[in-house]
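Residue numbers (our numbering): 10 to 278. Step one of this worksheet: look at the structure below.
Put into structure tokens, the structure is as follows:
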């Protein structure tokens, strides 16, 4: 009896068609989660980026998981900590305030030093004026407190003969007394300058008033710094010839006033 052929049973395949909509649902849920997670800190740039991502996804583009930039990064890595930012701003303001306070303190200290220095120069002026009065030298000596310092003016007729740069022997004691008045502690810079009138000079010793004025300043300074209490490093000499007159040169009196030696005691500040 012939055998009946058995019909092979076909293997039953599980219906997997439901996986596609399920995956789409998961994608949508993940996208919704990301939107909700980022909504607390979303800004205009993030919103535009997310809009572009969802447009790509729903038009068949890349998977949402490929857009890692949508997942917020650690605050310390991606954004400046607002507390740290505030602290930095506070530090900046504190630093600015410190600089301002230091500047104001320096200005106050400078003004105080200037006031003290002016008081010292005024005391020196009074001491020199007292010497002038005691020796009846008011016609030949004069003092003036200026922005440049304390100025002592000596008419050259007290010190020099006409056309000469050598201090007269009878007036060398004047240079010695002036030197005593220039003893300061601490020392001050002193500039000794010579000046002439505008009458041309022409002798064997000097070819110009400029040379005459320089040598008068130098020779007077030499007598002054002979005082062992004075340090020559604080002294200098200049000659201006007839180019810095203090009176018109159209009269004998004016020319006499222009022929002079000036001692400028400089402020320390």
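For each residue, glycine too, the CB sits at the ideal point set by N, CA and C.
Could you say which of the options lies nearest to residue i if we only look at CA atoms?
{"i": "residue 175", "options": "242, 273 and 228", "result": "228"}
{"i": "residue 250", "options": "268, 148 and 123", "result": "268"}
{"i": "residue 244", "options": "123, 179 and 273", "result": "273"}
{"i": "residue 173", "options": "119, 254, 103 and 210", "result": "210"}
{"i": "residue 259", "options": "206, 146 and 99", "result": "206"}
{"i": "residue 134", "options": "120, 143, 154 and 145", "result": "154"}
{"i": "residue 275", "options": "143, 193 and 39", "result": "193"}
{"i": "residue 139", "options": "261, 186, 101 and 38", "result": "186"}
{"i": "residue 208", "options": "238, 143 and 265", "result": "265"}
Just the Cα atoms here: how many angstroms apart are residue i and residue j?
{"i": "residue 130", "j": "residue 263", "result": "29 Å"}
{"i": "residue 136", "j": "residue 190", "result": "8 Å"}
{"i": "residue 115", "j": "residue 108", "result": "10 Å"}
{"i": "residue 152", "j": "residue 111", "result": "38 Å"}
{"i": "residue 163", "j": "residue 216", "result": "24 Å"}
{"i": "residue 212", "j": "residue 219", "result": "13 Å"}
{"i": "residue 183", "j": "residue 105", "result": "56 Å"}
{"i": "residue 270", "j": "residue 214", "result": "19 Å"}
{"i": "residue 181", "j": "residue 118", "result": "42 Å"}
{"i": "residue 128", "j": "residue 99", "result": "43 Å"}
{"i": "residue 242", "j": "residue 198", "result": "8 Å"}
{"i": "residue 261", "j": "residue 179", "result": "24 Å"}
{"i": "residue 39", "j": "residue 103", "result": "47 Å"}
{"i": "residue 73", "j": "residue 36", "result": "Model confidence at residue 73 stands at a pLDDT of 47, short of 50, so the residue's coordinates are unreliable; what they give is reported in the following sentence. Distance between the alpha carbons of residue 73 and residue 36: 7 Å."}
{"i": "residue 145", "j": "residue 113", "result": "47 Å"}
Classify residue i as buried or exposed, calling it buried when 16 or more other Cβ atoms lie within 10 Å of its own Cβ.
{"i": "residue 281", "result": "No answer is possible for residue 281: the residues shown for the chain start at 10 and end at 278."}
{"i": "residue 221", "result": "buried"}
{"i": "residue 161", "result": "buried"}
{"i": "residue 159", "result": "buried"}
{"i": "residue 80", "result": "Residue placement at residue 80 is poorly supported in this model, since its pLDDT is 49, which falls under 50; the coordinates still yield a value, given next. Exposed."}
{"i": "residue 252", "result": "exposed"}
{"i": "residue 255", "result": "exposed"}
{"i": "residue 233", "result": "buried"}
{"i": "residue 101", "result": "exposed"}
Tell me which residues share the same chain as residue i and place their Cβ nearer than 8 Å to its Cβ, disregarding the 5 neighbours each side in the sequence.
{"i": "residue 247", "result": "200, 201, 202, 203, 223 and 226"}
{"i": "residue 120", "result": "none"}
Ignore the nearest five residues each way along the sequence and tell me which others in residue i's own chain have a CB closer than 6 Å to its CB.
{"i": "residue 277", "result": "126"}
{"i": "residue 236", "result": "188"}
{"i": "residue 123", "result": "278"}
{"i": "residue 156", "result": "none"}
{"i": "residue 41", "result": "none"}
{"i": "residue 177", "result": "none"}
{"i": "residue 132", "result": "none"}
Got a sec? Which residues, its chain only, sit under 7 Å from residue i by beta carbon, not counting five neighbours each side?
{"i": "residue 240", "result": "196"}
{"i": "residue 141", "result": "147 and 150"}
{"i": "residue 238", "result": "192"}
{"i": "residue 165", "result": "225, 268, 269 and 270"}
{"i": "residue 257", "result": "263"}
For residue i, would you say it is in contact with chain D, using Cβ-to-Cβ distances shorter than 8 Å as the test?
{"i": "residue 254", "result": "The structure shown contains no chain D; it is built from a single protein chain."}
**Prompt:** Using 8 Å as the threshold, is the segment 164 to 182 in touch with the segment 229 to 245, meaning 3 or more CB pairs across them?
**Reply:** Contact between the segment 164 to 182 and the segment 229 to 245 is present, because at least three Cβ pairs lie under 8 Å.
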